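Since the structure comes first, as structure tokens, the remarks are kept for the end.
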Amino acid sequence: MTDDEIREGIRLLARTTGIFTETAGGVTVAVLAKLAQRGDIDASERVVVYITGDGLKTIDCARGTFETWEIDPTVESFEQASERLAVPA
Amino acid sequence: MPPESLRCKECKTTYPLEARYVCEQCFGPLEVAYPSLDGADPAELRRRIQAGPPSLWRYGDFLPVAAPPPRALEAGLTPLLRADGLAEQLGLEHVWIKNDAANPTHSFKDRVVSMAIARARELGFETIACASTGNLANAVAAHAAAAGLDSYVFIPFDLEEQKVLATGVYGTNLVAVRGNYDDVNRLCTELSADRNWAFVNINMRPYYSEGSKTLAFETVEQLAFSLPDRVVCPIASGSLFTKLARGFEEWVEVGLVEGRLPVFNGAQAEGCSPVATALQDGQDFCRPVRPSTIAKSRAIGNPADGPYAERSTP
Numbered sequence: 001m002t003d004d005e006i007r008e009g010i011r012l013l014a015r016t017t018g019i020f021t022e023t024a025g026g027v028t029v030a031v032l033a034k035l036a037q038r039g040d041i042d043a044s045e046r047v048v049v050y051i052t053g054d055g056l057k058t059i060d061c062a063r064g065t066f067e068t069w070e071i072d073p074t075v076e077s078f079e080q081a082s083e084r085l086a087v088p089a
Numbered sequence: 090m091p092p093e094s095l096r097c098k099e100c101k102t103t104y105p106l107e108a109r110y111v112c113e114q115c116f117g118p119l120e121v122a123y124p125s126l127d128g129a130d131p132a133e134l135r136r137r138i139q140a141g142p143p144s145l146w147r148y149g150d151f152l153p154v155a156a157p158p159p160r161a162l163e164a165g166l167t168p169l170l171r172a173d174g175l176a177e178q179l180g181l182e183h184v185w186i187k188n189d190a191a192n193p194t195h196s197f198k199d200r201v202v203s204m205a206i207a208r209a210r211e212l213g214f215e216t217i218a219c220a221s222t223g224n225l226a227n228a229v230a231a232h233a234a235a236a237g238l239d240s241y242v243f244i245p246f247d248l249e250e251q252k253v254l255a256t257g258v259y260g261t262n263l264v265a266v267r268g269n270y271d272d273v274n275r276l277c278t279e280l281s282a283d284r285n286w287a288f289v290n291i292n293m294r295p296y297y298s299e300g301s302k303t304l305a306f307e308t309v310e311q312l313a314f315s316l317p318d319r320v321v322c323p324i325a326s327g328s329l330f331t332k333l334a335r336g337f338e339e340w341v342e343v344g345l346v347e348g349r350l351p352v353f354n355g356a357q358a359e360g361c362s363p364v365a366t367a368l369q370d371g372q373d374f375c376r377p378v379r380p381s382t383i384a385k386s387r388a389i390g391n392p393a394d395g396p397y398a399e400r401s402t403p
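Residue numbers (our numbering), protein chains in the order written: chain A, 1 to 89; chain B, 90 to 403.
Right, dumping it as structure tokens:
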């Protein structure tokens, strides 16, 4: 697994399960995703994925995977930002 | 079942249950050998497990030390969570996450360190030590502190700061070595020859690695005593991978669970994949590599149990 695939694995797990894992877990989820995409796993299989460490251990890997809105403390500023970022409700 | 000896994985020579890890005859790795469980009553074993403590010590019948020593930082029995969102995204129906980040120091290393320190205390050691890529450092420092033992933790100097901070806080002797993990490990192997210390992943390794079997036991128990079809787990030294497989096998052999053993998929980072490379090339040994990956806890270029991880791979 490449470094990008590992980061994507961390992100996929966090966004679909609410679990933030360290890089080792990113590697593991990336392998699961690759096997599933290649069709190596039957849809009906019972699969257990071992997440062996917490994301706070390698927190730098989360850097650059999301955007933060920085605004002034006014409603106008918030509305401007949300229009610009066009996040659907 | 109390273990009966240490036994060489290669030539089967047996040794007393001491702080030793390598066969004097053939230099093969030693592992803990148990008496045969033939004739054991699975219903009784199951009852003993279910009446046990809410930690990995409920599986004492299958471990080198049967009960936690006083002042143990109890680990294990982490959640097995259904991951329907992840499954849906990948076109699968049944995916579970075994979240071992829920251990006391937030990684599966609490399992192996529990076993190593429990045995070290039985053998009378007063100082615990380890070579670590970070997670093991956290666990050794924490479990030694709980037990009231001195500890020395050797880490590569470029380790992530979070792991360094989360180790030092427990009051260990923290030694940053200018080198990579394989250098740190080599130094510790030299030190273990002339210090009367329990190095959890060197001279305690046979006991240490047994702790990983509890991940398989918990999985089976949490799936209502059934087996998964497939497991996906990370590989660094290969120890987790082989012992996870061993855990499932032991419970099938003793009749605690029935069915086919799961298919195993191991995960290595591309910048450090000696086991995957050996498999791809059809070799039964691992060619050491110089690691380059963001997954520092996978960055073991010369994996101790690499050849055995290969053999566990169907």
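Ideal placement from N, C-alpha and C gives every residue a C-beta, glycine not left out.
Here the structure is a predicted model, which means the values were calculated and not measured.
### Query
Touching or not, the segment 156-170 of chain B and the segment 235-244 of chain B, by the rule of three or more beta carbon pairs under 8 Å?
yes
### Query
Within 8 Å (strictly less), CB to CB, does Ile244 (chain B) reach chain A?
Not one chain A Cβ lies under 8 Å of Ile244 (chain B).
### Task
Establish whether the CB of Ala89 (chain A) and some CB of chain B are separated by less than 8 Å.
Low per-residue confidence applies at Ala89 (chain A): pLDDT is 47, beneath 50, and the placement is therefore not dependable enough to give any value.
### Task
Quickly, what does DSSP pair His436 (chain B) with across the bridge? List them, please.
The structure shown has nothing for residue 436 (chain B), since chain B only spans 90 to 403.
### Message
Under 8 Å: do the segment 180-194 of chain B and the segment 209-216 of chain B share three or more Cβ pairs, one atom per stretch?
### Response
no
### Task
Say whether the segment 243-260 of chain B touches the segment 318-326 of chain B, bearing in mind that this needs 3 or more beta-carbon pairs closer than 8 Å, one atom from each stretch.
no
### Query
Where Asp283 (chain B) and Pro295 (chain B) are concerned, what is the direct C-alpha to C-alpha distance, given to the nearest angstrom?
Each residue's alpha carbon lies about 19 Å from the other.
### Query
Do you know offhand how far Phe66 (chain A)'s Cα is from Cys100 (chain B)'s?
53 Å
### Task
Report back the beta-carbon spacing between Gly141 (chain B) and Glu307 (chain B) to the nearest angstrom; my notes put them in contact at under 8 Å.
Actually they do not touch by this definition, with Cβ atoms about 12 Å apart.
### Straight-line gap, Pro153 (chain B) to Thr167 (chain B) (C-alpha atoms, nearest Å)
21 Å
### Task
Indicate the three-state DSSP secondary structure (helix, strand or coil) for Cys97 (chain B) in the structure shown.
If DSSP states are grouped into helix, strand and coil, Cys97 (chain B) belongs with the strands.
### Query
What are the boundary residues of the beta strand (DSSP E) that includes Asn354 (chain B)?
Val352 to Ala356
### Query
Applying a beta-carbon distance threshold of less than 8 Å, which residues of chain B neighbour Ala91 (chain A)?
The shown model of chain A, from 1 to 89, leaves out residue 91 (chain A), and the question about it has no answer.
#### Entry: Min CB distance Glu8 (chain A) to chain B below 8 Å
no
### Query
According to DSSP, what are the bridge partners of Arg319 (chain B)?
A:Val47 and B:Val352
### Query
In the segment 292-320 of chain B, which residues sit with their C-beta less than 7 Å from some C-beta in chain A, listed in chain order?
Of all residues in the segment 292-320 of chain B, only Leu304, Thr308, Pro317, Asp318, Arg319 and Val320 come within less than 7 Å of chain A when Cβ atoms are compared, listed by chain position.
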